[in-house]
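Residues 521 to 642 (this note's numbering) are what the sequence shown spells out, left to right.
First comes the structure, then the notes that go with it.
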Amino acid sequence: MSSVAYLLIAVGVLFDVFGTLGLVRLPDVYNRLQAATKCVTLGTCLILFGVALGTSSGAPFVVKALLCAAFVLLTSPVGAHALARGAHLGGVKLWEQSVVDKYEEDAEKLQQGAASAGDRPA
Numbered sequence: 521m522s523s524v525a526y527l528l529i530a531v532g533v534l535f536d537v538f539g540t541l542g543l544v545r546l547p548d549v550y551n552r553l554q555a556a557t558k559c560v561t562l563g564t565c566l567i568l569f570g571v572a573l574g575t576s577s578g579a580p581f582v583v584k585a586l587l588c589a590a591f592v593l594l595t596s597p598v599g600a601h602a603l604a605r606g607a608h609l610g611g612v613k614l615w616e617q618s619v620v621d622k623y624e625e626d627a628e629k630l631q632q633g634a635a636s637a638g639d640r641p642a
């Protein structure tokens, strides 16, 4: 394997380690999801790119590694967004020192829409 492949794999492992530390150390579910999504997605993709770059097993192995990286890039952020939205709509509170709550505006719009739909005759 080339030294570039080893470097990509090493940096990917570091990102994965930092992402798992974020899962343990961060204060609430939303911060933990952010750590898992950003760090672990990037780390896993770097590992897969390093493996694809450094393999001598042929094209099928490279294609599989790149397809796995594309799958991780597409599904991890979507899954984290669905989990965060579900947690917010389920009433999971943000950390006390959180500054911005982007989902609060959406929740208010949903409540207003439900209230106005209840006022209309069927």
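Beta carbons are placed, not taken as given, at the ideal position from N, Cα and C, and that holds for glycine.
Alpha-carbon spacing of residue i relative to residue j, whole angstroms
i    : j    : result
G542 : A556 : 7 Å
V583 : A572 : 8 Å
V592 : G606 : 21 Å
N551 : D621 : 12 Å
S522 : A604 : 39 Å
L614 : C559 : 21 Å
E625 : V598 : 20 Å
Proximity below 7 Å, CB of residue i to CB of residue j
i    : j    : result
A471 : L553 : Given that the chain is displayed from residue 521 to residue 642, the structure contains no residue 471 and the question cannot be resolved.
A590 : L568 : no
G574 : A525 : yes
L566 : G532 : yes
C561 : S596 : According to the sequence provided, residue 561 is Thr. The question's Cys does not apply to it. Yes, Cβ-Cβ distance for T561 and S596 is below 7 Å.
V612 : V549 : yes
Whether or not the segment 530-537 and the segment 575-582 are in contact is what I'm after, with contact meaning three or more pairs of Cβ atoms, one per stretch, closer than 8 Å; do they touch?
no
Can you check the segment 559-625 for any beta strand (DSSP E) of at least 3 residues that lies completely inside it and give the ranges in chain order?
none
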